[in-house]
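Report on the following structure.
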Amino acid sequence: MANDYEEILSKYRSANRMDLIPILQEIQEQNGYISEKAIRDLGKMLDISTTGIYSIASFYDGLHFNPHGKKHIRVCNGTSCFINRQVNIMQVIEEELMVKNGETSADGKYSLELVDCMGACHSGPLLAVNNEYHSVRSEKDLKRIIEMIRSDE
Ligand code: FES
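Counting in our numbering, the sequence shown runs from -12 upward without gaps.
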């Protein structure tokens, strides 16, 4: 079976280094993340070392190199959400769900990510579970959301 990204790479056979980020974004859009093998194959194709690709990619938010958990939790770290925060959302989630920022839990259930403004500042402080947004205005809100996250495991 072909790897999930091979079709994308074949489309970009005559690509150059300038195409790196669009290709990475397309691979991620299709697969949800960018595998190490995809990075190696892309590096060979564009003549860029894997270290070089990771280094360039680190400047772009939203590129992921690990598969997300079944529940992918994004916590907004934009200015508005940050200054209105009543509770340390990241710390509570890390402790309650045993997952660290930028990682996926060992059982694959959860992944956690601190992100820039999610574009709904008026509803903040915000977090999203997969693509569903939730306001976290109090500790009680956060507790309810964590229960909801756990409820349909
Ligand atoms: S700062 Fe959080 S949604 Fe804009």
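All residues carry an ideal CB built from backbone N, CA and C; glycine is no exception.
How long is the line joining the alpha carbons of residue i and residue j, rounded to whole angstroms?
i      : j       : result
Ala107 : Ser(-3) : 38 Å
Ala2   : Ile(-5) : 11 Å
Ser122 : Ser36   : 42 Å
Leu114 : Thr38   : 32 Å
Thr91  : Arg0    : 32 Å
Arg72  : Gly30   : 41 Å
Arg4   : Ile43   : 11 Å
Ala93  : Ile8    : 29 Å
Glu83  : Ile14   : 32 Å
Leu11  : Asn118  : 21 Å
Please confirm whether any heavy atom of ligand 1 lies closer than 6 Å to the CB of residue i.
i      : result
Gly65  : yes
Gly111 : yes
Ala115 : no
Met105 : yes
Quick test of your reading: residue i and residue j, contact by CB under 8 Å. State the CB separation rounded to the nearest angstrom.
i      : j      : result
Asp48  : Asp103 : 6 Å
Glu16  : Val74  : Contact doesn't hold; Cβ gap of about 33 Å is too wide.
Arg124 : Pro112 : 7 Å
Quick one: is residue i near chain C, going by C-beta distance under 7 Å?
i      : result
Ser138 : Of the chains in the structure shown, none is chain C; there is only one protein chain.
Is the closest heavy atom of ligand 2 to the C-beta of residue i under 6 Å?
i     : result
Cys68 : Absence of ligand 2 from the depicted structure is noted, with ligand 1 being the only ligands included.
Would you check if there are 3 or more beta carbon pairs closer than 8 Å linking the region 64 to 83 to the region 16 to 27? no
I want to know whether the region 46 to 65 touches the region 91 to 106 - three or more CB-CB distances under 8 Å. yes
Give, in chain order, every unbroken run of the alpha helix (DSSP H) that is at least 4 residues long and sits entirely within the region 32 to 111. 37 to 44, 66 to 71 and 76 to 84
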